Amino acid sequence: MNDTTHARIGLVAATAAGRRHADTLAAVWPQARLIEGANVADALRTAWAQCDAVVAFLATGAVVRIVAPLLDDKRADPAVVVVDEAARHAVALLGGHAGGGNALAAQVAAVLDAQPVITTATDTVDVPGLDTLGWPVHGAVAAVSRAILDGEPVRLIADADWPLPALPPNVHATDDDTPDGGYRLLVTDRVVPADGRTAVLRPPSLVAGVGASRGVPAAEVAELLHRVLAEADLDPASLRCLASADIKADEAGIRSTADTLGVPLVTWPATRLAAVDVPHPSEVVRAAVGTPSVAEAAALLGPDGRAGDATLLVGKTARAMATVAVARHAPRGRLAVVGLGPGAADLRTPRAVTELRRAAVVVGLDQYLDQVRDVLRPGTRVLSSGLGAEEARARAAVAEAAAGRAVALIGSGDAGVYAMASPALEYADERIDVVGVPGVTAALAAGALLGAPLGHDHAYLSLSDLHTPWDVIERRVTAAAEGDFVTIFYNPRSRARDWQLGKALGILAGHRPPGTPVGVARNASRPDEQVHLATVATFDPAIVDMYSVVVVGNSDTRLVGGRMVTPRGYRWRS
Ligand code: SAH
Numbered sequence: 110m111n112d113t114t115h116a117r118i119g120l121v122a123a124t125a126a127g128r129r130h131a132d133t134l135a136a137v138w139p140q141a142r143l144i145e146g147a148n149v150a151d152a153l154r155t156a157w158a159q160c161d162a163v164v165a166f167l168a169t170g171a172v173v174r175i176v177a178p179l180l181d182d183k184r185a186d187p188a189v190v191v192v193d194e195a196a197r198h199a200v201a202l203l204g205g206h207a208g209g210g211n212a213l214a215a216q217v218a219a220v221l222d223a224q225p226v227i228t229t230a231t232d233t234v235d236v237p238g239l240d241t242l243g244w245p246v247h248g249a250v251a252a253v254s255r256a257i258l259d260g261e262p263v264r265l266i267a268d269a270d271w272p273l274p275a276l277p278p279n280v281h282a283t284d285d286d287t288p289d290g291g292y293r294l295l296v297t298d299r300v301v302p303a304d305g306r307t308a309v310l311r312p313p314s315l316v317a318g319v320g321a322s323r324g325v326p327a328a329e330v331a332e333l334l335h336r337v338l339a340e341a342d343l344d345p346a347s348l349r350c351l352a353s354a355d356i357k358a359d360e361a362g363i364r365s366t367a368d369t370l371g372v373p374l375v376t377w378p379a380t381r382l383a384a385v386d387v388p389h390p391s392e393v394v395r396a397a398v399g400t401p402s403v404a405e406a407a408a409l410l411g412p413d414g415r416a417g418d419a420t421l422l423v424g425k426t427a428r429a430m431a432t433v434a435v436a437r438h439a440p441r442g443r444l445a446v447v448g449l450g451p452g453a454a455d456l457r458t459p460r461a462v463t464e465l466r467r468a469a470v471v472v473g474l475d476q477y478l479d480q481v482r483d484v485l486r487p488g489t490r491v492l493s494s495g496l497g498a499e500e501a502r503a504r505a506a507v508a509e510a511a512a513g514r515a516v517a518l519i520g521s522g523d524a525g526v527y528a529m530a531s532p533a534l535e536y537a538d539e540r541i542d543v544v545g546v547p548g549v550t551a552a553l554a555a556g557a558l559l560g561a562p563l564g565h566d567h568a569y570l571s572l573s574d575l576h577t578p579w580d581v582i583e584r585r586v587t588a589a590a591e592g593d594f595v596t597i598f599y600n601p602r603s604r605a606r607d608w609q610l611g612k613a614l615g616i617l618a619g620h621r622p623p624g625t626p627v628g629v630a631r632n633a634s635r636p637d638e639q640v641h642l643a644t645v646a647t648f649d650p651a652i653v654d655m656y657s658v659v660v661v662g663n664s665d666t667r668l669v670g671g672r673m674v675t676p677r678g679y680r681w682r683s
């Protein structure tokens with residue numbers, strides 16, 4: 110029961126408070142309903158019999174006594190979560206036939222604002238440290254997870270240099286994969302014999318190219334694919350996608366095979382396929398579809414058209430109506446460019462945190478690294494540098510990713526706004542994967558503090574003339590002034606750059622009424638946050654420093670209740 114959206118959830122409550130909490134769950138989960146009975150024990154027994162999962166608002170002891178005689182088989186019994194009267198705790202009591210008692214407890218807790226209470230040592234669908242990968246894991250997962258948590262030595266043996274997250278220090282990477290009676294964590298697409306001490310993580314390395322005649326049955330595609338993989342000792346859990354020709358994109362038998370495997374179907378134009386060098390080209394196929402190879406060429410092109418990264422493991426193998434070939438694609442380094450938001454931890458996105466925990470190497474300015482040390486996994490390598498070392502920082506991050514590692518390059522606010530994304534991506538080439546995580550940029554944090562100054566068209570301008578000549582900046586300020594844009598100044602002023610802001614405001618003042626509001630947000634969302642409001646006529650640039658952004662309204666912007674508001678422009682002004 111990993112997904113509350115499909116399972117039937119029975120709610121059992123004895124008291125008014127319990128019923129209220131049950132109603133709250135029923136209101137958000139249409140598949141959950143209150144089960145009544147002659148008494149609460151009766152209701153619980155009915156729920157047990159009828160539902161995939163039960164949430165009981167009762168004492169744990171009462172629930173244990175009532176369900177004890179009903180316990181049968183882990184594979185058939187429902188999951189049970191027990192919640193106390195005050196909805197303080199959601200206890201995962203029984204996992205249930207499809208597992209997921211822990212997940213249900215977490216979901217109940219999220220809705221009721223309770224604490225989930227989970228007592229299984231580790232959720233055995235994941236290996237600690239590798240849970241952010243989302244890769245299938247097979248074999249002795251519980252035993253190896255336990256060993257990792259207990260600090261016992263575990264050998265990590267990977268077929269290729271996958272960009273893995275930082276792992277606990279008791280997990281040692283090695284090439285020696287001979288079983289020695291100790292715990293092993295293999296990263297491989299190969300079939301591995303079970304031995305009770307080996308867990309196998311399945312990287313998304315394989316691409317199956319599929320060709321077929323019109324109307325091919327799904328069963329034929331699936332059977333051929335599974336047979337080809339089994340004969341080559343390859344595990345289907347490592348399939349990254351199926352690949353074919355564009356003209357096969359709507360072939361139901363191929364599409365439904367991909368759906369059943371839970372992988373995407375990627376298709377390529379015949380011209381792209383025709384350009385791939387394959388071992389078994391066919392003139393008959395060329396005459397029919399415009400490329401001498403579909404299965405082999407598509408397997409090699411894979412998800413992103415990089416045949417150069419791929420090795421054909423199984424050449425085209427045909428059955429009545431279908432053809433399959435399998436290629437292995439080499440791993441690529443991974444660069445996540447992560448915006449941390451303006452400062453406060455709760456303005457950092459959950460995805461930013463996931464990416465920081467996904468990385469083995471984190472690169473950034475020392476002061477930003479200090480903000481995130483608490484979320485990094487132990488063993489994460491941190492490359493910190495001081496202000497002004499942008500180029501070196503960008504190069505270092507890209508070099509680490511190019512060496513095949515999982516790297517997070519961090520920046521405050523949004524990492525793409527006057528920050529590290531541009532220099533990094535100027536150096537990065539197509540040999541690494543790049544993932545961007547947007548962050549709350551200073552202008553948005555400032556806007557929220559000042560009121561609603563960004564309600565109409567606005568322009569961001571950096572007043573730093575370190576990298577941009579002043580005449581370019583001045584031209585853009587003039588354009589923003591003439592265009593009547595709300596204007597946000599980043600890098601507005603520092604000890605060494607003390608006249609630019611006054612000059613820029615003078616240009617804007619020439620195009621705005623003297624009463625136009627100007628707002629300053631200093632250290633937005635940080636401990637010493639400050640907000641200041643003035644007008645273009647009264648504003649004193651000397652109060653501004655490099656920890657501030659300055660927001661100048663357009664000619665419509667006004668103060669309402671002490672807040673800066675730029676109208677959406679719905680009303681005609683007289
Ligand atoms: N990438 C950052 C901007 C970096 S440029 C972002 O998206 O926010 C640095 C400038 O951003 C600073 O000089 C200041 O003008 C502004 N800034 C960054 N964080 C800020 C904050 N918390 N409060 C006010 N201004 C901030």
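Numbering (our numbering), first residue to last: 110 to 683.
Note that beta-carbon positions come from the ideal geometry of N, C-alpha and C, so glycine has one too.
None of the values given here were measured: they were computed from a predicted structure.
Inter-residue CB distance, R117 and D161 (contact presumed, cutoff 8 Å): Here residue 117 is taken as the residue at index 8 of the sequence shown, counted from 1. Here residue 161 is taken as the residue at index 52 of the sequence shown, counted from 1. Yes, R117 and D161 are in contact; Cβ-Cβ is about 5 Å, under 8 Å.
8 Å Cβ cutoff met for R467 and P274: Here the question's residue 467 lines up with position 358 in the sequence shown. Here the question's residue 274 lines up with position 165 in the sequence shown. Yes. Within cutoff.
Bridge-paired residues (DSSP) for I118: By 1-based counting over the sequence shown, the position of residue 118 is 9. DSSP lists A141 and A162 as partners of I118.
Integer Cβ distance of T675 from A551, believed to fall under 8 Å: Position 566 of the sequence shown holds residue 675. Position 442 of the sequence shown holds residue 551. That pair is no contact at about 17 Å.
Distance cut-off 7 Å: V472 Cβ against heavy atoms of ligand 1: In the sequence shown, residue 472 corresponds to position 363, counting from 1. No.
For R306, the three-state DSSP class (helix, strand or coil): Numbered from its first residue, the sequence shown carries residue 306 at position 197. Residue state, collapsed to three classes: coil.
Secondary structure of R197, DSSP reduced to three states: Translated into the one-based positions of the sequence shown, residue 197 becomes position 88. In the structure shown, R197 sits in coil (DSSP, three-state: anything other than H, G, I, E or B).
D574 Cβ short of 7 Å to ligand 1 heavy atom set: Mapped onto the sequence shown, residue 574 falls at position 465. D574: no, Cβ never under 7 Å from ligand 1.
V446 - DSSP class collapsed to helix/strand/coil: On the sequence shown, position 337 is the one that residue 446 refers to. Three-state result, V446: strand.
R184 CB to nearest heavy atom of ligand 1 below 7 Å: Here residue 184 is taken as the residue at index 75 of the sequence shown, counted from 1. No; taking the cut-off as 7 Å, the Cβ of R184 has no heavy atom of ligand 1 nearer than that.
Residues bridged to M673 [DSSP beta-bridge criterion]: Translated into the one-based positions of the sequence shown, residue 673 becomes position 564. Paired residue(s): G560 and L668.
8 Å Cβ cutoff met for L276 and V296: Taking the first residue of the sequence shown as 1, we reach residue 276 at position 167. Taking the first residue of the sequence shown as 1, we reach residue 296 at position 187. Going by C-beta atoms, L276 is not nearer than 8 Å to V296.
Inter-residue spacing [alpha-carbon to alpha-carbon] between D574 and Y599: Along the sequence shown, read from residue 1 onward, the residue named residue 574 stands at position 465. Along the sequence shown, read from residue 1 onward, the residue named residue 599 stands at position 490. Each residue's alpha carbon lies about 12 Å from the other.
Integer Cβ distance of A406 from V385, believed to fall under 8 Å: Along the sequence shown, read from residue 1 onward, the residue named residue 406 stands at position 297. Along the sequence shown, read from residue 1 onward, the residue named residue 385 stands at position 276. Yes, they are in contact, since the Cβ atoms of A406 and V385 sit about 4 Å apart, within 8 Å.
Limits of the unbroken beta strand (DSSP E) element including H620: Taking the sequence shown and counting its residues from 1, the one referred to as residue 620 is at position 511. Taken as a continuous stretch (DSSP letters only), H620 belongs to no beta strand (DSSP E), as it is neither H nor E.
Alpha helix (DSSP H) segment containing A512, residue limits: As a first step, residue 512 is located in the sequence shown; it is residue number 403 there, counting from the start. Premise fails: A512 is in no alpha helix (DSSP H) and is neither H nor E.
Ranges of the beta strand (DSSP E) found wholly within the segment 307 to 335, counting only runs of at least 3: 307 to 310 and 315 to 321
Three-state secondary structure assigned by DSSP to L572: Translated into the one-based positions of the sequence shown, residue 572 becomes position 463. In the structure shown, L572 sits in coil (DSSP, three-state: anything other than H, G, I, E or B).
Spatial distance of D171 from A122 (CA atoms): Here residue 171 refers to the residue found at position 62 when the sequence shown is read from its first residue. Here residue 122 refers to the residue found at position 13 when the sequence shown is read from its first residue. Correcting the residue type first, residue 171 is Ala in the shown sequence and not Asp. Spanning the two alpha carbons is a distance of roughly 12 Å.
Euclidean distance between Cα positions of L120 and A141: The residue labelled residue 120 in the question sits at position 11 within the sequence shown. The residue labelled residue 141 in the question sits at position 32 within the sequence shown. About 7 Å.
Residue closest to I227, alpha-carbon to alpha-carbon, out of V189, V263 and D259: Here the question's residue 227 lines up with position 118 in the sequence shown. Of V189, V263 and D259, the residue nearest in Cα terms is V189.
Presumed contact (8 Å Cβ cut-off) between V546 and A461, rounded CB distance: Here residue 546 corresponds to residue number 437 of the sequence shown, with the count starting at 1. Here residue 461 corresponds to residue number 352 of the sequence shown, with the count starting at 1. Indeed they touch by this definition, with Cβ atoms about 5 Å apart.
Neighbourhood of R457 by C-beta, 6 Å cutoff - its chain only, sequence neighbours within 5 removed: Sequence index remark: in the sequence shown, residue 457 carries index 348 (1-based). Contacts found: L449 and G450.
Minimum C-alpha distance to A125 - residue among D182, D193, Q159 and P626: Reading the sequence shown from its first residue, position 16 is the one you call residue 125. Of D182, D193, Q159 and P626, the residue nearest in Cα terms is D193.
Simplified DSSP assignment, three categories, for I227: Along the sequence shown, one-based indexing puts residue 227 at 118. Reduced to three states, the DSSP call for I227 is coil.
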